[in-house]
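Accompanying notes for the structure given below.
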Amino acid sequence: MDDAIAVLNAGSSSLKFSVFVGETEGLELLLHGQIGGLYTHPKFEAYKTWNLIDSKAWPESEHIGHKEAIEFLFHWATHGPIESRNNPVAVGHRVVHGGLEFTEPVKVDDEVLLKLEKLAPLAPLHQPFNLAAIRAVAEHRPDLFQAACFDTSFHRTMPAIAGEFALPHEYSEKGIKRYGFHGLSYEYISSVLPQFDAAAAEGRTIVAHLGNGASMCAIKGGRSVANTMGFSAVEGLPMGTRCGSIDPGVLIYLIDNHGFDARALNELIYKQSGLLGVSGISSDMRELLSSRDPRASEAVDLFVYRIVREMGSLAAALSGLDAVVFTGGIGEHASEIRSRVCNDSGWLGIVLDEEANNKGGPRISRTDSPVSAWVIPTDEELMIARHTLSLMGL
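Numbering of the sequence shown is given in numbering that gives the first Met the number 0, commencing with residue 0 and proceeding in unit increments.
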């Protein structure tokens with residue numbers, strides 16, 4: 000089988016993987032899957048297209064962490080079902096935080112890894128696990144080319160003022176700035192948008208990456224101008240379990256009057272809030288949309304309200320608007336959310352085509368709409384594979 004590029008996206012309790020073959024502009028997804036429930040109830044599933052080709056579950060007594068998961072995947076790649084057998088020549092990794100230094104993907108070596116480790120405090124829920132996967136690959140296959148591709152890099156084109164907090168300069172110099180995230184998704188959408196709307200690709204577009212993690216990005220001529228996320232991946236929109244933007248005074252109040260410390264605040268704003276916190280039911284938009292519970296409706300209403308608010312803010316950063324793109328799990332599949340956002344943003348010039356929206360697009364605005372609206376599936380893994388091949392000079 001052709002040499003393959005493996006793409007890894009490591010979370011705290013999961014390791015998602017994709018395998019691509021081909022050249023940079025013609026990469027083909029061969030396989031994808033994940034090992035979920037790391038450290039607790041590990042379970043492996045692999046798919047070719049959307050057909051399950053292999054699976055495995057480990058007993059609770061067997062310790063399966065990132066290192067063991069990597070070792071299993073490499074063994075499976077050469078000894079598993081015939082569809083899985085390939086020769087990985089490189090591994091591309093999603094790394095959430097590249098700080099101010101890493102403005103583009105980079106080949107990983109010891110020096111790069113050391114610098115990325117120093118950025119872990121800026122993304123404590125993501126960075127350590129991203130780097131754990133890199134170390135595990137290096138230990139198992141030290142000869143293998145590894146690339147780090149960053150969620151922050153795409154936003155380094157933002158104007159300097161867009162990255163500033165109104166804090167004393169000494170804190171900015173310590174790296175306390177607005178970075179923005181989901182950059183690999185936005186970069187992919189920017190790369191394919193000319194195929195859908197050439198004028199929008201050259202003009203002013205707002206992309207809404209809506210999923211369990213959610214953000215929005217103002218893009219002008221293919222370059223990031225502003226992003227709803229900032230110093231961390233918790234700012235901006237309410238998300239599945241993250242609160243989104245919150246008055247810092249609330250956090251001070253919780254510390255002073257309710258006995259919260261840093262760890263308790265971290266748990267609250269990252270894991271107990273958002274759609275789950277408001278509804279008290281679920282972080283899954285599908286469940287909330289199908290529920291008759293008024294708390295579910297409140298969570299959905301708040302989610303839509305904040306998107307519409309940010310739409311106006313990002314349009315202001317762009318000095319106008321030519322197109323809106325919905326992507327991510329909710330953006331691609333929740334027609335009701337798209338409908339409500341577009342209709343509530345009609346003052347910006349979006350005229351929704353309800354029938355097209357119900358069918359999933361790709362164009363969901365009327366042909367006479369001053370601002371076009373689209374549904375475009377994102378593909379962060381393909382973006383990582385492309386970057387990895389490019390770094391290899393292929």
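Note that beta-carbon positions come from the ideal geometry of N, C-alpha and C, so glycine has one too.
Here the structure is a predicted model, which means the values were calculated and not measured.
Practice item. List the whole-angstrom C-beta distance separating residue 149 from residue 101, where the pair is believed to meet the contact cut-off of C-beta under 8 Å. Key: Contact between residue 149 and residue 101 holds, since their C-beta atoms are separated by about 5 Å, short of 8 Å.
**Study point:** Cβ neighbour criterion (16 or more within 10 Å) applied to residue 289
**Key:** The residue in question, residue 289, is exposed, as its Cβ has fewer than 16 Cβ neighbours within 10 Å.
Check your understanding: Ordered along the chain, which non-local residues of its own chain (more than five positions away) have a Cβ less than 7 Å from that of residue 383?
Key -> Excluding residues within five positions, the ones whose Cβ falls inside 7 Å are 6, 91, 93, 148 and 183.
Exercise for review: Hey, could you find the ends of the beta strand (DSSP E) residue 373 is sitting in?
Suggested key: Taken as a continuous stretch (DSSP letters only), the beta strand (DSSP E) holding residue 373 covers 371-374.
**Study point:** Per-residue DSSP class, three states only, for residue 195
**Key:** In this structure, residue 195 counts as helix in the three-state DSSP scheme.
**Study point:** N-terminal and C-terminal residue of the beta strand (DSSP E) that residue 38 is part of
**Key:** Secondary structure note for residue 38: it is in no beta strand (DSSP E), with a DSSP letter that is neither H nor E.
Practice item. With DSSP as the reference, label residue 156 as helix, strand or coil. Key: It is helical.
**Study point:** Continuous alpha helix (DSSP H) stretch holding residue 317: start and end
**Key:** 293-317 is the extent of the alpha helix (DSSP H) around residue 317.
Review point. Given residue 302, which residues of its chain have a CB within under 6 Å of its CB, disregarding the five upstream and five downstream residues?
Key: Hits under 6 Å: 237.
Check your understanding: In chain order, what residues of the same chain lie with their CB nearer than 8 Å to the CB of residue 42, ignoring the 5 residues before and after it?
Key -> Excluding positions up to five away in sequence, the list reads 34, 35, 36, 54, 55, 56 and 57.
Check your understanding: Based on the DSSP output, what are the partners of residue 204 in its beta bridges?
Key -> Paired residues: 218 and 322.
Point to revise | Proximity winner among 265, 155 and 18, relative to residue 98 (alpha-carbon distances) | key: Residue 98 has its Cα closest to that of 155, out of 265, 155 and 18.
Exercise for review: May I ask you to report which of helix, strand or coil DSSP gives residue 358?
Suggested key: In the three-state reduction of the DSSP assignment, residue 358 falls in the helix class.
Practice item. Note down the Cα distance separating residue 299 from residue 88, rounded to an integer number of angstroms. Key: Approximately 44 Å between the Cα atoms of the pair.
Review point. DSSP on residue 43, reduced to helix/strand/coil?
Key: For residue 43, the secondary structure class from DSSP, reduced to helix, strand or coil, is strand.
Review point. Does the beta carbon of residue 215 fall short of 8 Å from some heavy atom of the ligand ADP?
Key: The model on display carries no ligand, and the ligand ADP is accordingly not part of it.
Check your understanding: How about residue 313 and residue 26: do their beta carbons lie closer than 9 Å?
Key -> No.
Check your understanding: Opposite residue 27 in the DSSP bridges: which residues?
Key -> According to DSSP, residue pairing for residue 27 in a beta bridge involves 20.
Exercise for review: Would you check if the segment 187-194 and the segment 245-262 touch, i.e. whether three or more CB-CB distances between them fall below 8 Å?
Suggested key: The segment 245-262, when compared against the segment 187-194, does not touch it at the 8 Å Cβ threshold.
Check your understanding: Does DSSP classify residue 176 as helix, strand or coil?
Key -> In the structure shown, residue 176 sits in coil (DSSP, three-state: anything other than H, G, I, E or B).
Review point. Excluding the five sequence neighbours on either side, which residues of its own chain have a C-beta within less than 8 Å of the C-beta of residue 174, listed in chain order?
Key: Excluding positions up to five away in sequence, the list reads 98, 99 and 121.
Check your understanding: Based on Cα-Cα distance, which residue from 67, 45 and 66 lies nearest to residue 81?
Key -> Closest in C-alpha terms to residue 81, from the list 67, 45 and 66, comes 45.
Check your understanding: Which value, in whole angstroms, describes the spacing of the CA atoms of residue 315 and residue 165?
Key -> Linking residue 315 to residue 165 through their CA atoms gives a straight-line distance of about 20 Å.
**Study point:** Cβ contact (3+ pairs, closer than 8 Å) linking the segment 105-120 and the segment 9-22
**Key:** Fewer than three pairs of CB atoms, one per stretch, sit closer than 8 Å, so the segment 105-120 makes no contact with the segment 9-22.
**Study point:** Beta-carbon proximity of residue 137 to residue 143, cut-off 9 Å
**Key:** Against a cut-off of 9 Å, the Cβ pair of residue 143 and residue 137 comes out as a contact.
Review point. Between which two residues does the beta strand (DSSP E) carrying residue 148 extend?
Key: That run of the beta strand (DSSP E) goes 144-149.
Check your understanding: So residue 347 packs on residue 217, CB below 8 Å; how close in whole Å?
Key -> The distance from the Cβ of residue 347 to that of residue 217 is about 12 Å, inconsistent with a contact at the 8 Å cut-off.
Review point. With 16 as the cutoff for other CB atoms within 10 Å, does residue 0 come out buried or exposed?
Key: Note on residue 0: pLDDT 41, under 50, position unreliable in the model; no value is reported.
Point to revise | Contacting residues, own chain, Cβ-Cβ under 8 Å from residue 388 (five flanking each side not counted) | key: Counting only Cβ-Cβ distances below 8 Å, and skipping sequence neighbours, we find 4, 22, 23, 26 and 89.
Point to revise | Start-to-end residues for the beta strand (DSSP E) that takes in residue 92 | key: Where residue 92 is concerned, the enclosing beta strand (DSSP E) stretches over 86-94.
Check your understanding: Residues in its own chain within less than 7 Å of residue 386 by CB, not counting five upstream and five downstream?
Key -> In its chain, beyond the 5 residues on either side, 91, 104, 146 and 148 have a beta carbon closer than 7 Å to the beta carbon of residue 386.
Practice item. Check each candidate in 16, 11, 28 and 29 and name the one with the smallest Cα separation from residue 38. Key: Of all alpha-carbon atoms in 16, 11, 28 and 29, the one lying nearest the alpha-carbon of residue 38 is that of 11.
Point to revise | Beta-carbon proximity check, residue 370 vs residue 340, cutoff 9 Å | key: In this structure, residue 340 does not lie closer than 9 Å to residue 370 by Cβ.
Practice item. Would you tell me roughly how many angstroms separate the C-alpha atoms of residue 132 and residue 343, rounded to the nearest one? Key: So the alpha carbons of these two residues sit roughly 42 Å apart.
Check your understanding: If you run the structure through DSSP and keep just helix, strand and coil, what is residue 0?
Key -> Caution is warranted here: a pLDDT of 41 is assigned to residue 0, below 50, making its placement in the model unreliable, and the coordinate value is therefore given only provisionally. When secondary structure is reduced to three states using DSSP, residue 0 falls in the coil class, being assigned neither helix nor strand.
Practice item. Check residue 53 in the structure and name its three-state DSSP category. Key: If DSSP states are grouped into helix, strand and coil, residue 53 belongs with the strands.
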